[in-house]
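Q:
Protein chains in written order, with my numbering: chain A, 66 to 373; chain B, 17 to 383.
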C-alpha cells in the first residue's frame, strides 16, 4: 500500500517538472518574440528619413538585408551539400573502419571551432588566397553576370563569406547524413549487391532514396545555421547597402545578423529599433524555414532518420 | 567508505580555491611603462566602472594597470563597448564615467543624468588624442604625398587609378603603377570615420559632398570591421589605401598630408598641436572642455586629421565618494606620466601641457 503512494508522488513530481520545462521554453520564446515586436514597432511606423541608410520605409531598409541573408545562405549550401553528402557516403560506405572513425572524429572537431576563428581564418588566409582566382574568373568569365567585374582587390566578397559559411555548416550536415546513411536497411543493400549492382548503383538504389528526408533535414539544419551566422560574416564580408547577384565585386549585400553586429554598438534611437525589427524579420524567416523542413520530413516520416 | 565520500568534495574545494586565487582583481596585463610619481594621492579605495569608446580601450588598460601602487584597493573597470553605448550607460547610471569619441550632444546635455546631483550636468574632458593616418600598400611607393582634395577624390570614387594626373602632380618622380585603387573603409560606425569625414568636409567641400558622420557615406571599395579588420584588408590587398587610427597602421606605409603649403609627416606632436590650437565648443559650462577641432589648421607641422576622445563625468556626483574617485582618476589620466605611457603603449599623442593643465583643473572641480 505504502509503495503505491510513493510511486504516485514521484510520478506527479516528474510530470510537473517536464510540464514546467516545456512551459519555460515556450515562455522564453514568447518573451523574445514579444520583445522583438515591441521594439520594432517604432521602426515599422517610422517617418521618412528616420531610418539609416537613407531608406524611406522599413521594407526598403530590410529588403537588401533579407536578400543578402538568403543569397549568402543559398551559396553556402550550394557548396556544402554535395560535400557533406559525399563525405558522409565515404564514411558510411567506402572507407575502411579505422579511416571512417578518424574522419568522423575530425569532422566533429570542426564543429567545435568557434565562429570568430573562422572569421579570422577567412580574413587572413582565405580572402588573399582566393583573390587571384576571382581576378582570373572576372577577366575570363566576366561576361556571365554572376562574375561581372570590377573584381574586389581584397577578395572579401559574398562568395568568400559563403565558403566560410559552408565550412562551418559541413560538420553538422555530415554528422546527420552519416547517421542516416548508416541506418539504411542492410537487407536492401545486400539484395542490390546480390543482383549485381556496383557500389555506386547500390547506394543510388538502396541508400539515397531511404535517406532523402534525412538529407533534407540536414540541409534545413545547415540553412538555419547559415542564416543566423553573425561574426564570421561580419568580419569577412565587405558590405554595402545594395541588392545584386554579382559575387566577385567589392560591394556586397550584407546579412541581417552581420548588420546588427556591425551597427549596434554605435546605433542611436530609431536605428536601434530598425536593427531589432530586422532581427524580427530574421526570426520570421528562420521560423518559416523550420516549418518547411518539418513539413517535408513529416511527409516521409516512416523513413526519416530523425525521430518522428 | 568515508574517504570516497569526502575525497570528491575535498578535490572540489581544492580546485575551487585554486581557481578563485587566480581571479585576483588587481591582476592586469603587465606594462613596462609604470609611471613613477604622477598624481600622488592618499590611498584611495573603491570601484568605479567606465564604459565607452574602443579607441580609448588600450589606453584605458594602460592607465588602469599603471595606477600607483599606493592605491591597492582602488579598482577601475573599463569596458570598450563603443562610444554610443558608453554615453547611454552613463546617462542611465550603469557606468560611473563614459569614454566617448564625441562630446555629449546638446539634447543629451539637456536631459537628466542618473548619477549626477540634481541641477548639475555632465562635463566632457579630453584625455586621448589619436592621429588618423592615411595608410597605403603599394609596391614600390614609399613616400606618397597627398592633399585633402585628392584624398576626397580617392575615397569618393572619383579618382580610380594610382597614376591619375592629380596624384602624379603631387608625387613627381614616384613610380606610381597604373593599377586600380582598392579603397578600404570601415563597415561599422566609428569615431575614426566621423573625424575623417569632418576633415574632408572642411577641407575639400567641392569634392566631398556627403555630410560627415560615423558611417562611411560612399559605396566605393571594400569595407572591413574595426581598426584591425581594415589593417588586415589593406595589408593583404595590393594597391590599396585606407584611413586608420595611427596605432593600427603598423606594417603599412603612411602618406604625407599637405597642410598649408608644405607636406607634413604624421606626428603625435602635430596632432596635439592642432588640438591645443582648437577652440572649445561654445555655449557649454565652464568646466566642459569639448573641443571644436580646427580642421583647417595650417600651422607648421600640424596634423589636422585627428581624433579626440573624452571622458564624460558628472560635475557633481550624488555619491561624493564616487565623485572623489572619478576626479582623482581623471587628474591622473591627464597627467604627464599617464599620457606618456598611453603614447608608448597605445600610440596616441600626449595632451599638450596647457591642455593637460586645463583638464586637471576641470577634473579637480568634480565632486
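Glycine included, C-beta positions come from ideal geometry on N, C-alpha and C. As the structure is a computational prediction, the values presented were derived from the model and not from experiment.
1. Please list, in chain order, all residues of the same chain as residue 292 of chain B whose beta carbon is under 7 angstroms from its beta carbon, the five residues on each side excluded.
2. For the region 97-117 of chain B against the region 279-298 of chain B, are there 3 or more C-beta pairs whose distance is under 8 angstroms?
3. Tell me whether residue 21 of chain B sits in a helix, a strand or coil according to DSSP, three-state version.
4. Is residue 199 of chain A helix, strand or coil when you go by DSSP?
5. So residue 248 of chain B contacts chain A; which residues on that side make the cut at Cβ distance below 8 angstroms?
6. Where in the region 236-291 of chain B do unbroken runs of the beta strand (DSSP E), each at least 3 residues long, occur, reported from the N-terminal end onward?
7. Within 10 angstroms of its Cβ, does residue 170 of chain A collect 16 or more other Cβ (buried), or is it exposed?
8. Within a Cβ cutoff of 7 angstroms, which residues of the same chain sit near residue 73 of chain B, ignoring the five residues on either side of it in sequence?
9. Is it buried or exposed for residue 376 of chain B, if we count other Cβ within 10 angstroms and need 16 for buried?
10. If we define contact as Cβ-Cβ less than 8 angstroms, is residue 113 of chain B a contact residue for chain A?
11. Please work out which residues of its chain come closer than 6 angstroms, Cβ to Cβ, to residue 384 of chain B, disregarding the five sequence neighbours upstream and downstream, and give them in chain order.
12. Please return the same chain residues whose Cβ sits closer than 8 angstroms to the Cβ of residue 218 of chain B, not counting the five positions on each side in sequence.
13. How about the region 194-204 of chain B and the region 164-178 of chain B: do they share at least three Cβ pairs that are nearer than 8 angstroms?
14. Could you tell me whether the Cβ of residue 315 of chain A comes closer than 8 angstroms to any Cβ of chain B?
15. Taking 8 angstroms as the cut-off, decide whether the C-beta atoms of residue 308 of chain B and residue 295 of chain B are in contact.
16. With DSSP as the reference, please indicate the residues paired to residue 203 of chain B in a beta bridge.
17. If we ignore side chains and look at the alpha-carbon of each, how far apart do residue 352 of chain B and residue 238 of chain B end up?
18. Any idea if residue 298 of chain B is buried or exposed, counting beta-carbon neighbours within 10 angstroms, 16 or more meaning buried?
19. Where do the N-terminal and C-terminal ends of the beta strand (DSSP E) with residue 142 of chain B fall, by residue?
20. In terms of residue numbering, what span does the beta strand (DSSP E) encompassing residue 82 of chain B cover?
21. Assuming residue 146 of chain A and residue 284 of chain A make a contact with CB atoms under 8 angstroms, what is their CB distance in whole Å?
22. What distance in whole Å lies between the Cβ atoms of residue 323 of chain A and residue 295 of chain A, which are believed to be in contact at a cut-off of 8 angstroms?
23. Since residue 333 of chain A meets chain B, which of its residues come closer than 7 angstroms, beta carbon to beta carbon?
24. Compute the distance between the beta-carbons of residue 344 of chain B and residue 307 of chain A, then report whether it is under 8 angstroms.
25. Who are the near neighbours of residue 63 of chain B in its chain, counting only those whose CB is closer than 6 angstroms to its CB and skipping five residues on each side?
26. Go ahead and label residue 380 of chain B buried or exposed: buried means 16 or more other beta carbons lie within 10 angstroms of its beta carbon, across all protein chains shown.
27. Shorter than 8 angstroms from the beta carbon of residue 372 of chain A to some beta carbon of chain B?
28. On the three-pair Cβ rule with 8 angstroms, is the region 245-259 of chain B touching the region 230-238 of chain A?
29. Applying the criterion that 16 or more other CB atoms from any shown protein chain within 10 Å of the CB defines a buried residue, is residue 210 of chain A buried or exposed?
30. Please report the distance separating the alpha-carbon of residue 139 of chain B from that of residue 123 of chain B.
31. Mind reading off the beta-carbon distance from residue 99 of chain B to residue 207 of chain B? Whole number of angstroms is fine, and I expect it under 8 angstroms.
32. Which residues does DSSP pair with residue 89 of chain B in a beta bridge?
33. So for residue 293 of chain B, helix, strand or coil by DSSP?
34. Pull up the distance between the alpha-carbon of residue 278 of chain A and that of residue 162 of chain A, whole angstroms please.
35. Following the continuous beta strand (DSSP E) through residue 327 of chain B, name the residue where it begins and the one where it ends.
36. Output the distance between the C-alpha atoms of residue 346 of chain B and residue 327 of chain B, rounded to the nearest integer angstrom.
A: Let me lay it out:
1. The answer, listed in chain order, is 368, 370, 371.
2. no
3. In the displayed model, residue 21 of chain B falls within a helix according to three-state DSSP.
4. In the structure shown, residue 199 of chain A falls within a helical segment according to DSSP collapsed to helix, strand and coil.
5. 188, 189
6. Listed in chain order, they are 238-240, 256-261, 272-275, 278-280.
7. Residue burial is scored here from C-beta neighbours: residue 170 of chain A has fewer than 16 other C-beta atoms within 10 angstroms and is therefore classed as exposed.
8. 96
9. buried
10. no
11. This structure does not reach residue 384 of chain B, given that chain B is present from 17 up to 383, and the question cannot be answered.
12. 311, 312
13. yes
14. yes
15. yes
16. In the DSSP output, where bridge partners are listed per residue, residue 203 of chain B has none listed.
17. 39 angstroms
18. exposed
19. 138-153
20. No beta strand (DSSP E) contains residue 82 of chain B, which DSSP labels as neither H nor E.
21. About 6 angstroms separates the Cβ atoms of residue 146 of chain A and residue 284 of chain A, confirming a contact at the 8 angstroms cut-off.
22. Contact between residue 295 of chain A and residue 323 of chain A is confirmed by a C-beta separation of about 6 angstroms, below the 8 angstroms threshold.
23. 100
24. no
25. 91
26. exposed
27. Model confidence at residue 372 of chain A stands at a pLDDT of 46, short of 50, so the residue's coordinates are unreliable; what they give is reported in the following sentence. Judged by the 8 angstroms Cβ criterion, residue 372 of chain A is not in contact with chain B.
28. no
29. exposed
30. 14 angstroms
31. 6 angstroms
32. B:61
33. In this structure, residue 293 of chain B counts as coil in the three-state DSSP scheme.
34. 26 angstroms
35. Run containing residue 327 of chain B: 322-330, per the beta strand (DSSP E) assignment.
36. Cα-Cα distance, rounded: 8 angstroms.
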